[in-house]
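According to my numbering, the sequence shown is numbered sequentially starting from 198. Backbone N, C-alpha and C fix where the C-beta goes; we use that ideal spot for every residue, glycine too. These figures come from a predicted structure and were not determined experimentally.
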Amino acid sequence: MFPWQILRATTGKNLTALRIVTCARNRSRKTIRRYAITVGRTEAPHSNCNLNYNDSNGIPVVFHNLSVDCGSYDAHFIIKEIAIMNTCYKYTRLFGKPIYVGMCIFDMSKMCLYEFHHEYMASVFREKCKIMYTDTDSLIYHVECGDVYDIMKRDINRFNTSDYTTDNAYSIPLANKKVPGLMKNENNDAIMTKFIELRAKMYALRVEGKKDTKKAKVVKNNVLAISITFEDYKQCLNDAVEMMRKQSRIRSKLHELYTIMGTKIALSPHDDKRYIVSSSRDTLPWGHYRCK
C-alpha cells in the first residue's frame, strides 16, 4: 500500500494531486503522480529536475513500509496527527477485511471437538464421562471405567498415538501420525492425578513424573513460574479469594520504549463464562434453565 492509499483509506480523501509541470530537461509537459504526501506539492518527472525545482510552500513527508492494515502499531498515531493538523479531514480506522483462514480453522476445530464428544465419548461412556475443562482444540475429561487405554486401542482410528513410546506400559500402538481431526492424549501413558480449573484459561494440573502445569492468561510466564504454586490454585478455589501479583512490561509508543510496573489479578475464582451450581463443583452455561 502506497502512502497516498493509506491517507485515502484513513481520511476518506485523496490527497494525491495530479499536476502538469514543464520539465527543464526536455521542455515536455508530462502528467506525473507525486509520491510526497503534501497537498498542492508539484514534482518534475526527472531526478535532476526535482533537485532544481524549488517549492517552499510545503514540507515533503514520505512513508516507507508503513501500513495500517499490516500490523504497524505506530502507523495510526502518525496518520492521526496528520489528520489533526488539517481539521477538514476525519480520522477513522476501517476494519473491513475478516481473516477468512483463521475463521475457518476455528470453526472446523470446534466442529471436530463437538463431534468427538457427542458422537463418541458421550455414546461410549454416557453418564460416567464428564467434561472438566475445554478450550478451542482441547478437552479434559473425568472418566469412570475399567481401563480407558483398552478402549483407546479398540478405537485407535479416532486417536493420534504417535507420541507414545514404543515400549509404553499399556501396549498402545503408534498410529495416525499428523492425521488432521484426530484427538491426542498429551500426557501419553502418564496419569493425571489432580486438576484445578478456576476460569477460562486459568487452571493447573499435576501429572505423575512431570512438573506441574500452570496456566493463567493475564500473568507473564516468569511471574507464573516463580511466584504462583499449585497450592495457590487450590487455596483460591477453596477459600474463594483473589490473588494479586506485580509484574513489569515493556511498552512502545511512537518508537519509544518504556517500562511500566502494574498489579494484576493473577488468580480469581469468579468464572464470568460459567454459572457455578450452589453446593457443588459443577457449572452450567449462562442461559441454562437451571441458572438462578
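Fully enclosed beta strand (DSSP E) runs of no fewer than 3 residues occupy 336 to 340, 389 to 396 and 399 to 404 of the stretch 336 to 405, in order along the chain. For Lys307, the enclosing alpha helix (DSSP H) covers residues Tyr297 to Phe313. CA-CA distance, Ala387 to Thr362, rounds to 11 Å. Contact check for Ala422 against Asp409 fails: the beta carbons are separated by 8 Å or more. Non-local beta-carbon contacts of Leu379 in its own chain, meaning distances under 7 Å to residues more than five positions away in sequence, involve Arg355, Phe356, Asn357 and Asn373 in chain order. Taking a contact as a CB-CB distance under 8 Å, the pair Lys398 and Lys412 counts as one, their CB atoms being some 6 Å apart. Counting every other CB atom within 10 Å of its CB across the protein chains shown gives Tyr311 a total below 16, marking it as exposed.
In terms of CA proximity to Lys350, Pro370 leads the group Val404, Tyr338, Ser445 and Pro370. Looking at the DSSP output, Leu481 shares a beta bridge with Tyr472. Residue Cys342 holds the alpha-carbon nearest to the alpha-carbon of Met318 among Cys342, Ser445 and Thr333. Considering only Tyr430, Met305, Lys391 and Lys381, the residue with the shortest C-alpha distance to Asp352 is Lys381. Going by DSSP, Tyr430 is part of the alpha helix (DSSP H) stretching over Phe427 to Asp436. Phe392 and Glu453 have their alpha carbons spaced roughly 43 Å apart. The beta strand (DSSP E) runs of length 3 or more contained entirely in the stretch 432 to 467 are, from start to end of the chain, 440 to 450 and 453 to 464. Between Leu451 and Leu395, the CB-CB gap reaches or exceeds 8 Å.
When the beta-carbon positions are compared, Asp436 and Leu464 stay at least 8 Å from each other.
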